[in-house]
Every structure is written in structure tokens, then in C-alpha cells.
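Below is one structure, written out as C-alpha cells; comments come after it.
Numbering (my numbering), first residue to last: 310 to 795.
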């Protein structure tokens, strides 16, 4: 008999039919004549209760077998059970299953099992990431993550977007920051040996890059893991009009904070014939769509987070989902922050025109000044990427960040520069290697169009929706400096 998911059993009519349940034991309570087993299969937050009445005649045929299997059960053991679905007399649950057959598939030694009944720290659970999905907290996190991934695809598919897969290995740096993981099959030992010999021969440190001959590497050139699929998405948007990527990206940024990961998932749509205003419109729609999806599809899990992780979470998400996002230029936003500082607001980093708005500034704008999400646009070009379209003032670019209460920046986007001459000039001004971007520049030579896009870090979204404090706790196996276990 195929087991029925517990989430489906809990909403079924208790009509006395025979059902099969499989899952992991949460608790076993054995009284004189009655045994109560709480079982969870991860399909929902709630457990289902299995009951065994030693005095019930219907169980006499299997009583010895069930008694033998009961002795094997502890928290964490896996079981398969068959029984009758009946109304539950207990409060808080509509149905339960009276046992007719029980099999302990896998035992779980309580003296060795890392997941104990007492409260465990997040750090401890990170060390046991291969088991933490069995806890209430992480089971809820990963169910929400699943629903949010589904919502992402649903939003774009409903609007005529084409899902594409950007390459994970690339020879270009979308952000121009150089913080990339290198991919190579060259021998590190031989390179080190060559470096020692070169140093002994008087080679200067600035010439060290000349030691390695990348033409002999696997790809015949220097290659890295991608920091973004945006550039490739742009090429597809200029043929398919509206596209989106949703996949892993990598940053070799040595940041050991609750907000940074070395490997994370990015959602990156690109839209041909969209200007910055169009871009901002779809960003606002996207955020509201995702939050409404979570509030509808993940209610029981969000109620857990609201109670145990971040009180007021549901109210906060609901408020944002129903809010009209404020739109304000970077210049005006800085003016408001400078005014706040002059009136006594305390900032670790002083706000000034030309600074990159810090998280504390983002939260002050959304939580203190406006009390709602804020879209800051037209940033100084010196703090934004090379591909962004410049405004007529020559100082700012058509970039926008979506800021939300509680975390700050959620989305970053821009209108892209469609002029071949202007983009070439910016690449050269920044001292970048133009030859690496020849294929990207071709888009501006052959049928160029205005186009826009944005990026949303998926883990940042999950952290926001769940209220989890550390971004390492919203991805199954976090990758960070000195952390690549499992």
C-alpha cells in the first residue's frame, strides 16, 4: 500500500478506511493500555497521531508483532504503519490512525542521535545540517523555500517570460568586482613551484600573473564560477523579449556575516523594451506576489515562525504585501538621511551624497521615515555597475534598489545601457578588459533595444519571509569562508 502524505491525511474525512503512514517518530507515549505515537513525514508542520489500544479485539491478531516493534521505537526512528483513519477525540487534531500493523524500518539510538529533545542552538544545528531538516524549525524553512521557488516560476510564467539556464562557468565578471572562484585543472603544486623559481629569479610581484599559461588550462583561458547570470540573460532577452534565470551563483567574498553566503541562488529577469519605470513596476508586483503566496500557501509554517522566531512576522508581511511602495531618488533619500542625522539620528556610517547606502540607512528609510517599502532610484554611477544606463546629468545611472522594513535591500535592478558607444566608453573608463565583453557588446551592434532587469537573492527572500536571523539557516548546506561541509 502506497503511504499517504500526512498533510493529506490531516485534511481527509475520517471515514474508517484503511490507510498507510510512513515517517519518522517524534514522540512515543506508552501508558498501561494505550500507546500514542506522534509521526511526521515532513510534508507539513503537524504530526499525525497513531494509537494502539492493547485491549481492542481488532488488534489481537497482530498484538505480538506490534508490541515487538514498539520496543524498537525512539525519537528519530523511521516507521511504516497501517491502520484505520478515525475522528480523533483529542483536542487540536481532527483525525488519528488506530494501528493494525507496525514496522520499524530504521532504529535510532537515543544515546547517539544528535537531535535531542532539549533546545539546540542554530550553530549546533549547522554542524548537523544533514539532520536539521527533521526539526520543526528547519522543516518549516525548507517547505517555505519550496513554495517560494514555485511562486517565482508561477509569477514569470503567468506573464509570458521564458525560463533560461545561464552557465555556471564563465570568463566574464558581471559585477566587475573580481571576487570570483576560479575554475582550473592546472596543477597547483606545479604553479607554486614555478612561483618559487620566478621569485628566486627576481620576478616582481605585480608580474606574478604571467607565471600561469591559461592556454593549457581546460577551457584554454582563465575561467571562474559565475557571480550572476545577468549578462547571459540579456542576450536571451534580446531574442525572446522576456526571460528569467533562477540558479546558483558564487562570490569569493570573505564576509563572515549573517547576511552573506559564498554560494547562493539568484532570480534574474531581463525584459526587452522595458525602461526603469517599467522595471520598478514589475519589481513591486513581484514582491507582493511572493508575499501573498507565502501568506496563503505557507500559513501553518509562518504561524510557527511568528510564534517562535519573529513575533509579528505575519502582520509585517501582510502590511508590505498590501502597501504602496514609496519611490524616491537617491539624492532625495540622502537628503532625508542627512536631515535625520542633523536632528540626532545615530548612524555608524555617515550618510553623504556619493556613499553606498548602508543597511542601517535602508532600514531607517523604511522603518522610521516612511514606514513601508521604499524604492530608491538614480544612484551615483561610481558606486554602480558598468552596464547601467547613465542619466543625462552624467553623474547618476538608472538603477533602483527595493528596500523593505526589517532587512533593507531585497532587490537591485537597473535599466541597461543599450548604446554601443556609451557602453564601450564606460568599460574603457573603468579599465576593464574590453575583449572579454565582445559578445556582450554585440547586443548593442545588432538590433539593440532598451532593456531592463533586476536581481533578487533567493536566500535573502527566504530569510525575510521566515524571519530567520542568519542566512546560513535558509539554505540546506551553506557555503561560507571556511565552511564547505557535507
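Heads up, the beta-carbon is just placed ideally off N, CA and C, and yes, glycines get one too.
Let me make sure I understand the geometry here. Which of the options has the alpha-carbon closest to that of residue i?
i           : options               : result
residue 615 : 773, 547, 434 and 318 : 773
residue 795 : 435, 719, 490 and 566 : 435
residue 356 : 552, 535, 605 and 609 : 609
residue 379 : 760, 405 and 345      : 345
residue 555 : 574, 543, 546 and 547 : 574
residue 375 : 336, 365, 411 and 515 : 411
residue 642 : 532, 576, 592 and 711 : 711
residue 580 : 606, 553, 600 and 572 : 553
residue 679 : 632, 655 and 765      : 632
residue 777 : 756, 684, 620 and 748 : 620
residue 724 : 789, 730 and 705      : 705
residue 612 : 353, 317 and 319      : 353
residue 588 : 687, 600 and 511      : 687
Determine the DSSP secondary structure at residue i, reduced to helix, strand or coil.
i           : result
residue 440 : coil
residue 617 : helix
residue 761 : strand
residue 461 : helix
residue 421 : coil
residue 503 : helix
residue 402 : coil
residue 629 : helix
residue 607 : coil
residue 413 : strand
residue 333 : strand
residue 743 : helix
Does the beta-carbon distance from residue i to residue j come in below 8 Å?
i           : j           : result
residue 603 : residue 570 : no
residue 682 : residue 629 : yes
residue 558 : residue 538 : yes
residue 392 : residue 313 : no
residue 348 : residue 388 : yes
residue 708 : residue 693 : yes
residue 520 : residue 504 : yes
residue 323 : residue 414 : no
residue 719 : residue 781 : no
Would you mind sorting residue i into buried or exposed? The rule is 16 or more other CB atoms within 10 Å of its CB.
i           : result
residue 350 : buried
residue 659 : exposed
residue 699 : buried
residue 578 : buried
residue 551 : buried
residue 331 : buried
residue 333 : buried
residue 670 : buried
residue 310 : exposed
residue 343 : exposed
residue 767 : buried
From the DSSP secondary-structure annotation, give me the bridge partner or partners of residue i.
i           : result
residue 476 : Answer is none; residue 476 lacks a bridge partner.
residue 574 : 557
residue 718 : 712
residue 815 : The structure shown does not extend to residue 815, since the chain is modelled only from 310 through 795, so no value can be given for it.
residue 362 : 343
residue 356 : Residue 356 pairs with nothing; no bridge assigned.
residue 768 : The partner list for residue 768 (beta bridge, DSSP) is empty, contrary to what the question assumes.
Could you check if residue i belongs to the surroundings of the ligand GDP, using beta carbon to heavy atom distance under 7 Å?
i           : result
residue 569 : The ligand content of the structure shown is nil, which means the ligand GDP is not present either.
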